[in-house]
Every structure is written in structure tokens, then in C-alpha cells.
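**Q** Numbers given in this note's numbering equal positions in the sequence shown, counted from 1, plus 122.
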Amino acid sequence: METYKITKSFPQEEKFCLINQMNRSAISIPSNIAEGVSRNGKKDKIHFLNIAFASLMELVCQAEISNELGYLSREEFCDFTHKAKNFVVKLHNYIAYLERDATEL
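1. Apply the 10 Å Cβ neighbour rule to residue 218 and answer buried if 16 or more other Cβ atoms are within range, or exposed otherwise.
2. Once the 5 residues before and after residue 166 are set aside, which same chain residues still bring their CB inside 8 Å of it?
3. Please state whether DSSP places residue 138 in a helix, a strand or coil.
4. Taking only three categories from DSSP, how would you classify residue 202?
5. For the alpha helix (DSSP H) that contains residue 188, what are its first and last residues?
If you want it as C-alpha cells, here you go:
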């Protein structure tokens with residue numbers, strides 16, 4: 123939801139480009155996590171969590187581009203990237219845990 127809030131202030135010409143791409147990336151993250159955790163096999167779980175991780179990294183990159191274009195204030199950018207990077211660490215650690223657990227079977 124945070125992505126939707128910050129992109130509301132973006133220029134209208136970004137509606138079908140950066141705004142759309144950021145919102146799609148933001149939706150992809152929880153959607154793929156939900157699909158992954160609903161799977162029974164660890165390989166399937168890891169696959170969908172990796173897709174979520176890639177979408178998260180995409181969103182961080184798009185936030186950096188938005189910042190460079192002046193669409194985000196310094197405070198908005200720092201807050202957004204701080205939250206995103208914390209989530210990157212948590213998601214990465216969870217994927218690593220599942221991968222370790224899968225190899226120990």
C-alpha cells in the first residue's frame with residue numbers, strides 16, 4: 123500500500139510507465155509470497171519466494187530511479203528504501219533457511 127501512496131504524487135505522464143511498474147512490482151511481492159507458502163513442496167515454495175524477492179529488488183530499483191527523477195523527497199526515499207531493505211533481509215533469510223532445510227532432507 124505504501125507504493126500506491128507515494129506514486130500518487132508522481133507526474134501524470136508516469137501513469138502508464140513508472141507508476142504502473144512500481145505498483146505491479148509491489149502487488150507481485152505479497153502475491154508470490156502467498157502462492158509460495160500455499161505450496162506443499164519446498165522447491166515450489168522457494169521458486170515463488172524467489173519471484174517475490176526479484177520483484178522486491180525491482181521495486182527498490184524503481185524507487186531509486188524515482189528519487190533520481192525528483193519524484194520522491196529525500197525523506198520518502200530513505201523511509202521507503204529502509205523498509206524495503208529490511209524486508210529484503212528477512213525474505214532472503216527465509217529463502218536461505220528453506221534451501222538449507224531442503225538440502226538436509
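All C-beta atoms, glycine included, are put in the ideal place defined by N, C-alpha and C.
Fair warning: this is a prediction, and the values are worked out from it, not measured in the lab.
**A** This is what the structure gives:
1. exposed
2. 158
3. helix
4. helix
5. 164-190
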